[in-house]
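Down below is the structure, laid out as structure tokens.
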Amino acid sequence: MQNISFSILIPVVIFLGICAAAFFNRLIRRMPFDISLRIKETCPHCKKPVLILFQIPFLGILFTRFRYACCGSKMSKKSLLVDFSTLLTVILAFVLWYVFYSEGMPLSLETLFPFLVLLWLMTSLVPIFVIDFRYHLLPDSISIGGIVVGIILSFLPGGITPWQSILGAILAGGGLYLFAKLIAKIIGSEAMGFGDVKLLAGYGAMMGAALAAEILILASVIGVCIVFPTRLIFAKAFKTENETSPGEFPFGPFLAISAPIIFIYGSKILGLYLGMFEV
Ligand SMILES: [Zn+2]
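Put into structure tokens, the structure is as follows:
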């Protein structure tokens with residue numbers, strides 16, 4: 003692979019962000035209601051199909067000024083928020099890669115693995131946060147998608163091997179599944195949804211079982227420190243719109259926010275921890 007200079011890489015990153023935003027908007031609007039992603043976008047008021055041109059993130063809004071071209075009814079402004087946050091996460095992924103992995107050099111085969119992993123981890127924050135906090139669900143395209151992406155990326159140099167990737171997915175997913183069953187036995191109700199299990203399996207496939215365990219620990223610490231006190235104060239804000247869904251507690255966002263932190267610092271933390279036993 004030839005090195006890819008920043009003048010090419012930056013527009014590519016922005017283009018990827020726009021594509022991801024278009025996908026996430028569709029996912030957020032449909033997945034919680036079991037509507038297929040393949041069905042064409044229609045106006046919620048007059049049911050006429052919406053032109054592809056008007057569905058392009060940012061530009062669509064610019065052309066339509068928050069009104070459907072078909073009947074002039076108002077569009078939700080939430081999609082613009084998803085567009086902006088997705089673009090922001092993509093840019094952040096690029097910045098993190100630049101600071102921690104690039105050493106100021108253009109993208110090469112050696113640094114492609116961390117680049118793609120960070121891109122995946124950072125952009126998936128948006129749908130995980132929106133869908134899990136609002137509906138207590140995690141989309142399969144992100145959780146199972148993560149397992150598939152992890153195994154594919156393990157064929158690149160610089161990361162874990164394909165075997166470690168498969169083993170990481172099994173150990174991380176299986177471990178959390180058993181842990182969730184144990185907690186459920188102790189407290190007498192389901193504490194975690196199966197979505198969290200698949201999500202952590204994906205992180206196991208990307209970084210291996212040891213780092214996935216670190217993600218679980220960090221997510222639990224953040225969860226306990228932030229959620230429980232906030233929950234006591236703002237009990238209403240945590241009410242879900244989908245009361246029948248599994249998983250009393252939206253754990254996905256905490257796993258998702260811990261993943262890029264552990265991807266960058268996890269090996270160092272593990273080294274420090276193991277070093278404590280070498281006296
Ligand atoms: Zn319409």
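In the numbering used here, the protein residues as written are 3 to 281. Just so it is clear, CB atoms sit at the ideal spot from N, CA and C, and this is done for glycine as well.
Taking the straight line between their C-alpha atoms, what separation do you get for residue i and residue j?
i	j	result
Thr286	Phe96	No information on residue 286 is available, as it lies outside the stretch 3 to 281 that the chain covers here.
Ala22	Gly175	26 Å
Ile12	Gly19	11 Å
Val14	Lys76	32 Å
Gly204	Ile271	21 Å
Ala182	Ala214	15 Å
Met107	Gly152	24 Å
Pro248	Ser191	Residue placement at Pro248 cannot be trusted, given a pLDDT of 44 that sits under 50; what the coordinates show is reported in the next sentence. Distance between the alpha carbons of Pro248 and Ser191 is about 10 Å.
Leu90	Gly195	28 Å
Ala258	Leu178	15 Å
Leu158	Phe60	34 Å
Thr246	Ile16	Bear in mind that the predicted position of Thr246 carries a pLDDT of just 44, short of 50, making it unreliable; the figure below should be weighed with that in mind. Using only the alpha carbons, I get a separation of about 38 Å.
Ile10	Leu109	10 Å
Gly210	Lys200	14 Å
Tyr267	Ser7	26 Å
State yes or no: is the C-beta of residue i nearer than 7 Å to some heavy atom of ligand 1?
i	result
Cys21	no
Run through the DSSP bridge pairs and tell me what residue i is partnered with.
i	result
Ile6	Leu109
Thr44	Pro51
Lys76	Arg69
Pocket of ligand 1 (residues with CB nearer than 5 Å to any heavy atom), chain order = Cys45, His47, Cys48, Tyr70, Cys72, Cys73
Uninterrupted alpha helix (DSSP H) stretches inside the segment 162-248 (no shorter than 4 residues) = 164-189, 196-209, 211-224, 230-235
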